[in-house]
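Numbering (the UniProt record's numbering), first residue to last: 1 to 649.
Backbone N, C-alpha and C define an ideal beta-carbon position, used for all residues, glycine too.
Read through the structure below, which is laid out as structure tokens, and then see the notes.
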Ligand code: FES
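Right, dumping it as structure tokens:
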């Protein structure tokens, strides 16, 4: 039955099914578009999905295995022509039996995309079947006119720009995206007999992609290509001020994510042969969520509730990414400094001042309280055992959601009380079923324990510490409106070494350039009790989030970083150091337990909270990566002290 013969309700269902399939195609194959479009109102979003689906389906025909092999090319050409005919007919007939094509035709009609765009697009697809390499960059651009620049033009009516000046940047963005694809997919394209790196560039750098080898010539070539690609992204940024708020956020999300692929290629030392450089889905979701909560210059120019009319962009709003900086926009154009431009920080990182701050921290009594893990690690039905200062400690949940604790050995025959059943507030020893509760038992004295909602604490009588009723917990953002992630990293060192590492923020830009840059300590706002730092958290090589943060130690085993200004103000990173006891080599072991409790008042952060299943592992990975490096620092500090070598800390 032809779609055009369907009654209105059936037609609506047919169309809805088509858009649903377009969305599914986009979600599966074009996740960057998908997450970028997630920011748009539903009506515009479905048009992005439809345009993507059309391009993807055509691309699938020409990219199929052996599609341009001599004995297949005729069939592929016919398949592409049939697809094009189906599209043309659907647009002319205002519908199609194929729900996807019906949705595409509906989008073309609703948005008014110029039909000529599709002529150029299908022309490029056909060209791809007969051209396997390009002599010059201009030749490649000739192909990309129809395969990439025109996609930017197709998207423009969907994004509803406020000025014709948005056209060229939109085309540049289309080119930039495809160039990134070419650089990422060199290996895959070789398998299909195609090379999208201009031959003139290969000759100039004496590079041979067919060798699939990363050598100096290859690195030089790729460096050149990446810079060319980044220049296109910069050209595209000039279009952002000409887009309404949601469209600007959508495009910026896609731009940040796509250009992030270049960062990953760079981080992989230009090795595009061993694995595919990709931006993980969690980052795409997180970027979209962050952008959703961002107020753009366009938003600020338009009072809430007032419709925007087509007009040239207001002067003085900056262009492109620069326009993103300042105000309430968290993402700043702040390129990572080159290593040879980085100011050495060793003069400021004076051992005596680190030592003075460490002495203050060490003087603060933890009251016998130790962090032993994440609240989430303790379920309702089984116990867990942790080690503190060489002693095993068992913890389990009580029916009121609290936590009970005691020595980790059963008072009967000493069984380890790990992973034991918990029933009606009681822990049952695995060996002979002895029941233990928070009231204790002969020969088994319970410990005080506390669950602060993120971390588990246990109190163990400790020499030199005056027992406190409760652990010291510094101010946190409201947990119900935050996302918390906890990581644990063990090391051969003492708790003071973990704390000392954090009391040296000056190492951040040098030792963790992938995470921090533009780090300065505000001397006027810094004392031995509180270190105040201005720093940019890296999002990519080009963009970062500048914040102001304070470091303080509430006790000798804890240091807390609180963001006091900028994106996520009020968020904290609590670093706790719990002594585990001596290792088999006679050296102390310490467990670093770090809780990142992120919070933002932005609307988009509420979305991030709903996506916390994706966001939390990302936060944990970031923290863990830092601590792999920082534990090397802490272990080295311990080793030097153990060897009697003093550097003044
Ligand atoms: S060892 Fe625990 S009940 Fe026997």
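Name the residue from 514, 189, 229 whose alpha carbon lies nearest to the alpha carbon of residue 541.
Here the closest residue by C-alpha is 514.
Could you name the residues whose beta carbon sits closer than 5 Å to any heavy atom belonging to the ligand FES, keeping them in chain order?
410, 412, 413, 415, 429, 431, 432, 434
What did DSSP end up calling residue 187 once you bin it into helix, strand or coil?
In the structure shown, residue 187 adopts helical secondary structure according to DSSP, grouped into three states.
Tell me which residue opens and which closes the alpha helix (DSSP H) that residue 123 is part of.
115–128
I need the boundaries of the beta strand (DSSP E) containing residue 551, first residue and last residue.
543–555
Using only the alpha-carbon positions, how far apart do residue 136 and residue 105 sit?
36 Å
Go through the segment 337–376 residue by residue and report every complete run of the alpha helix (DSSP H) that reaches 4 residues or more, in order.
351–362
To the nearest angstrom, how far is it from the Cα of residue 23 to the Cα of residue 46?
7 Å
Beta-carbon within less than 6 Å of residue 54's beta-carbon, same chain only, minus the 5 sequence neighbours each way: which residues are those?
Counting only Cβ-Cβ distances below 6 Å, and skipping sequence neighbours, we find 104.
Taking Cβ to Cβ, would you say residue 627 is nearer than 7 Å to residue 489?
Cβ atoms of residue 627 and residue 489: closer than 7 Å.
Output needed for residue 520: all residues of its chain with C-beta closer than 6 Å, excluding positions within five of it in sequence on either side, in chain order.
534
Suppose contacts are defined by Cβ-Cβ distances below 7 Å. Is residue 383 in contact with residue 416 by that definition?
no
Output the distance between the C-alpha atoms of residue 312 and residue 245, rounded to the nearest integer angstrom.
With a pLDDT of only 23 at residue 312, under 50, the local geometry of the prediction cannot be trusted, and the value read off the model is given with reservation. Roughly 14 Å separates the two Cα atoms.
Can you tell me where the beta strand (DSSP E) holding residue 405 begins and where it ends?
403–407
Just confirm the distance between the C-beta atoms of residue 80 and residue 100, as a whole number of angstroms; I'd bet it's less than 8 Å.
Incorrect: roughly 16 Å between the Cβ atoms, too far for contact.
Over the uninterrupted beta strand (DSSP E) stretch that includes residue 576, give me the two end residues.
Its beta strand (DSSP E) spans residues 572–582.
Using the beta-carbon count (16 or more within 10 Å), is residue 386 buried or exposed?
buried
Could I get the ranges of all uninterrupted alpha helix (DSSP H) runs contained in the segment 157–243, with 4 residues as the minimum, in chain order?
167–184, 186–191, 199–205, 216–237
One question on the structure: do residue 270 and residue 222 come within less than 7 Å of each other, judged by their Cβ atoms?
In this structure, residue 222 lies closer than 7 Å to residue 270 by Cβ.
Looking at C-beta atoms only, is the number of pairs between the segment 191–204 and the segment 257–265 that lie closer than 8 Å three or more?
no
Taking C-alpha atoms, which residue in 150, 93, 139, 215 lies nearest to residue 52?
150
Counting contacts by CB-CB distance shorter than 7 Å, is residue 442 in contact with chain B?
The structure shown contains no chain B; it holds only a single protein chain.
Quick one: grab the DSSP three-state call for residue 523.
DSSP places residue 523 in helix when its eight states are reduced to three.
Please determine, among 192, 219, 455, the residue with the shortest C-alpha to C-alpha distance to residue 204.
When only C-alpha atoms are compared, the closest one is 219.
Give the DSSP-derived three-state secondary structure of residue 83 in the structure shown.
helix
Would you mind stating whether residue 229 and residue 190 have Cβ atoms separated by less than 7 Å?
no
Just to check my reading of the structure: residue 466 and residue 367 have Cβ atoms closer than 8 Å, yes? What is that Cβ distance to the nearest angstrom?
6 Å
Please classify residue 323: is it buried, with 16 or more other beta-carbons within 10 angstroms of its beta-carbon, or exposed?
At residue 323, the pLDDT of 31 sits below 50, so the modelled position is not reliable and the matter cannot be decided from this model.
Looking at the secondary structure, which residues open and close the alpha helix (DSSP H) in which residue 559 lies?
Careful: residue 559 lies outside any alpha helix (DSSP H), inside the beta strand (DSSP E) at 558–566.
Shortest alpha-carbon distance to residue 596 belongs to which of 568, 253, 578, 231?
568
How many angstroms separate the CA atom of residue 548 from the CA atom of residue 19?
45 Å
Less than 7 Å between C-beta atoms, sequence neighbours within five positions excluded: which residues of the same chain meet that for residue 171?
149, 152, 153
With distances taken between CB atoms, is the gap from residue 373 to residue 456 smaller than 7 Å?
Taking 7 Å as the Cβ cut-off, residue 373 and residue 456 qualify as a contacting pair.
What separation, rounded to the nearest whole angstrom, lies between the Cα atoms of residue 126 and residue 77?
7 Å
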